[in-house]
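Residue numbers (our numbering), protein chains in the order written: chain A, 467 to 835; chain B, 467 to 835.
Even glycine gets a Cβ: it sits at the ideal position worked out from N, Cα and C.
Number of protein chains: 2
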Amino acid sequence: MEKLEVKNPTLILDEKICRQNLSNMAERAKKHGLKLVPHFKTHQSLLIGEWYKDYGVQEITVSSFKMAYYFKDKGFSNIHIAFPFNPLLISDLNGIQDQSISIQLVNEEVTKALATDLTKETGFFIEIDTGYGRTGVPIGKLEEIDAILREASFSHKLKFKGFYIHAGHSYYADLEGIHKIQKEIQEAFRILKAKYKSQYTELVCRSGDTPTCSIMDDFEYIDEIGPGNFVFYDITQAEIGSCSREDIAIILAAPVVDIKKGNNEILIHAGGVHLSKDVLNLNGHKNFGEVVYLNELGWEHPTAPSYLKSISQEHGTIHASAQLMDSIKIGDIIGILPIHSCMTADCMKEYKTLNGRMVDHLEGRGITG
Amino acid sequence: MEKLEVKNPTLILDEKICRQNLSNMAERAKKHGLKLVPHFKTHQSLLIGEWYKDYGVQEITVSSFKMAYYFKDKGFSNIHIAFPFNPLLISDLNGIQDQSISIQLVNEEVTKALATDLTKETGFFIEIDTGYGRTGVPIGKLEEIDAILREASFSHKLKFKGFYIHAGHSYYADLEGIHKIQKEIQEAFRILKAKYKSQYTELVCRSGDTPTCSIMDDFEYIDEIGPGNFVFYDITQAEIGSCSREDIAIILAAPVVDIKKGNNEILIHAGGVHLSKDVLNLNGHKNFGEVVYLNELGWEHPTAPSYLKSISQEHGTIHASAQLMDSIKIGDIIGILPIHSCMTADCMKEYKTLNGRMVDHLEGRGITG
């Protein structure tokens, strides 16, 4: 990795690991007869987006209008905006020529506003909450689904596509918990199909979280999956069991600026503006990221772990193993596996591949785009 | 504030509050005979940077080379980079024409590398650690200071300017704790002046944290102050007692996309990519930001508090007061006071003033620059 000439905090992407993650998820989808409609909020990159096409992906998911514009303007279509539709954006939606963009609805009020003001055909999913508690119509409240569908039926513009579940509580679950969450998703889709499939024969059921999509082997009642994080994975997913640490496709390369020998601490230029403040409690301590050693091919995982024990805006303090303390010197570059890769990518706004190619990110814009 | 036409998450800046904060700190500095060398890492904005000049500021502090370049290129000089110097950047430092840029040193090794490779005159501060534990030479280890000064003396290029302390543990202290921290800073500077002032007659002692600079009234042994956060303040500073909530100069304006009446919850478009994941534990619950109500003049503070109880990448869930639940509707815009304004500004990358002017930020670049 010496050719990268890293001098400042830099987000490094291993294309090979990334493509392996894409390939694995595409294989899983194929094996279970699922359409893969991946979420692009993790990478937010046109170039990385292109890679998915090599694994058969034709439809994508995003979490904001800003993100939808970014991909649409560069030739992506069939974009689903998986965020409760903001009624202040009806005129923006009307202004988009591409009719393949779909939206997400969670209540009667917004559906009503759209039924009145929408000027072009738009598909929508109804988001269902099976217990995460963040957003969506609770599965117990079928009357709210009826109300949304009734309001939508007053407009020839609104086209019901199906139901969407993001069971984000799987991010806080163990393997047993993830099995339980998957069962809840399947039961919700079973109920919804039993009630609505006869009237809406084309409706599909889509489920979105990386843990269930990475781990489960029973997808009955699920037609499509929309995971995002799997493109890079991270320490959170490795701890859940969605992946191993070797599957993590990005690291933050950070310069060593001081070494505190007595404390087994290493000060690096890597803080909350680079990694985000996402944190896990592992083995009784806060962990803002884990150390890997850089080598000529990329990076390797140490036999003795070291981790980021604290970060502020620009500073990071590593609690270092004896192994690391023995080999490190000021001016070295160290790798940090992120706790939450979506947030780290959003902080860093661009990537550098192992062969030195700069890769775009929506927030950094236009490096390759 | 209706003229702002906010439809998406937008960082709103009240210039009047911001200028009042600048004026207050400049007055405090003047009263105590201190030079104010404010830290610009909080706002990272050329336009806001210009405002400081109205209050007599001529020297500034930044936390990275990237930030130094941004301000230097637009006519700012006397920039101090208050981050342990990264030895990989010696050639970058040599490449900067402006000789008024100063750096920060914390160890003998980097000083030695600079003494060998520096090609132009550069001032430096030695950072001292009085107990924060993040960076700097511990005040108990005067022999390390001697080693830095000895290495520096081998070069005619390295010019010792003085000692710098950022007592960041004040961010986690109460009023009594902040008094104690200030005493530690003063005692450290007393010891350092006693030992080094006779040889380095021009040396100054600079202290950097917003809590001590906002609250204390005794600055003996301190010559200069370098606070940053005070330009905007935030909930963290209000809880410490550095300011009141009315002194907070920025809010995130966020659209309401769903209301969960039974749960007293409001779903907004505002997540970790907008506010950062910084969080406080207040009154026994996690708090990612506090609600203010928008009005035609800006915003007002509710008599019944509501707060952000959880956030993910793009979603935020407000625990709402009965007062807020009674008045809110989907499609409204709500204001969120940030927990940590430096991080929120870094996430949002631009500001909009109450009269609709867009204001630049380093990461967003060039709106007004």
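Taken in chain order, the complete beta strand (DSSP E) segments of 3 or more residues contained in the region 754-813 of chain A are 756-761, 764-766, 773-777, 781-785 and 799-803. At a cut-off of 7 Å, the C-beta of Gln-779(B) has a neighbouring C-beta in chain A. Non-local C-beta neighbours of Ile-796(B) in its own chain, meaning closer than 8 Å and more than five positions away in sequence, comprise Val-722, Val-723, Asp-724 and Ile-725, ordered along the chain. For the 7 Å CB-CB criterion, Ile-651(B) and Thr-588(B) do not form a contact. When Cβ pairs closer than 8 Å are counted between the two stretches, the region 738-754 of chain A is seen not to touch the region 567-586 of chain B, the count staying below three. Annotation: Cβ neighbours of Lys-743(B) in chain A (cutoff 9 Å, chain order): Gly-738, Ser-742, Lys-743, Asp-744, Val-745, His-806 and Met-809. In this structure Gly-692(A) touches Thr-527(A) by the C-beta definition: roughly 5 Å separates them, less than 8 Å.
Inside the region 544-629 of chain B, DSSP marks whole beta strand (DSSP E) runs of 3 or more residues at positions 545-550, 568-571 and 588-595, from first to last along the chain. Within chain B, the residues placing a beta-carbon under 9 Å from that of His-735(A) are Ser-530, Phe-549, Pro-550 and Asn-552, ordered along the chain. Lys-752(B) does not reach chain A, its nearest Cβ partner there being about 13 Å away, counting only Cβ pairs nearer than 8 Å. Any Cβ of chain B closer than 7 Å to the Cβ of Arg-656(A) would place that residue at the interface, and such an atom is absent. Taking all protein chains in view, the Cβ of Tyr-638(A) is surrounded by fewer than 16 other Cβ atoms within 10 Å, so the residue is classified as exposed. With respect to the 7 Å criterion, Asp-700(B) and His-806(B) are classified as neighbours on the basis of their beta carbons. Contact annotation for Lys-507(B) against chain A: Gln-779 and Glu-780 [CB-CB distance below 8 Å, chain order]. At a cut-off of 7 Å between C-beta atoms, Arg-616(A) does not count as an interface residue with respect to chain B. Here the region 498-510 of chain A lies against the region 811-820 of chain A, with 3 or more beta-carbon pairs under 8 Å apart. For Gly-634(A), the closest of Tyr-535(A), Lys-578(A), Arg-656(A) and Thr-678(A) by C-alpha to C-alpha distance is Thr-678(A). Taking the beta carbon of Thr-601(A) as reference, the chain B residues within 7 Å of it are Asp-724, Leu-733 and His-781, listed in sequence order.
If only complete runs of 4 or more residues are kept, the region 492-554 of chain A shows the alpha helix (DSSP H) at 512-519 and 531-538, in order along the chain.
Here Lys-501(B) has Glu-690 as same chain residues with Cβ atoms under 6 Å from its own Cβ, once five neighbours each way along the sequence are excluded. One thing to note: Ala-548(B) has its Cβ no nearer than 7 Å to the Cβ of Ser-530(B). Arg-672(B) is bridged by DSSP to Tyr-630(B) and Glu-690(B). Secondary structure of Asn-730(B) (DSSP, three-state): coil.
Considering only Gly-561(A), Ser-619(A), Lys-659(A) and Ser-673(A), the residue with the shortest C-alpha distance to Tyr-598(A) is Ser-673(A).
Chain-order list of chain A residues neighbouring Ile-796(B): Pro-553, Asn-573, Glu-575 and Val-576, by C-beta distance under 8 Å. Per DSSP, Ile-478(B) lies in no alpha helix (DSSP H) segment; the continuous beta strand (DSSP E) that holds it begins and ends at 476-479. Residue-level contact check: Pro-721(A) touches chain B, since one or more beta carbons of chain B fall below 7 Å from its beta carbon.
Under the criterion of beta carbons closer than 8 Å, Lys-818(A) and Ile-478(A) qualify as touching, at roughly 6 Å. For Thr-702(B), the enclosing alpha helix (DSSP H) stretches over residues 701-706. Per the coordinates, the alpha-carbon of Tyr-687(B) lies some 23 Å from the alpha-carbon of Ile-545(B). Taking all protein chains in view, the Cβ of His-740(B) is crowded by 16 or more other Cβ atoms within 10 Å, so the residue is classified as buried. Among the residues facing chain A, Lys-473(B) is included, as its CB has a counterpart in that chain under 7 Å away. Rounded to the nearest whole angstrom, the C-alpha separation of Ile-647(B) and Ile-594(B) is 13 Å. In the structure shown, Ala-715(A) falls within a coil segment according to DSSP collapsed to helix, strand and coil. When Cβ-Cβ separations below 7 Å define contact, Asp-812(A) makes contact with chain B. Nearest to Phe-698(B) by C-alpha distance, out of Asn-490(B), Leu-790(B) and Ile-657(B), is Asn-490(B).
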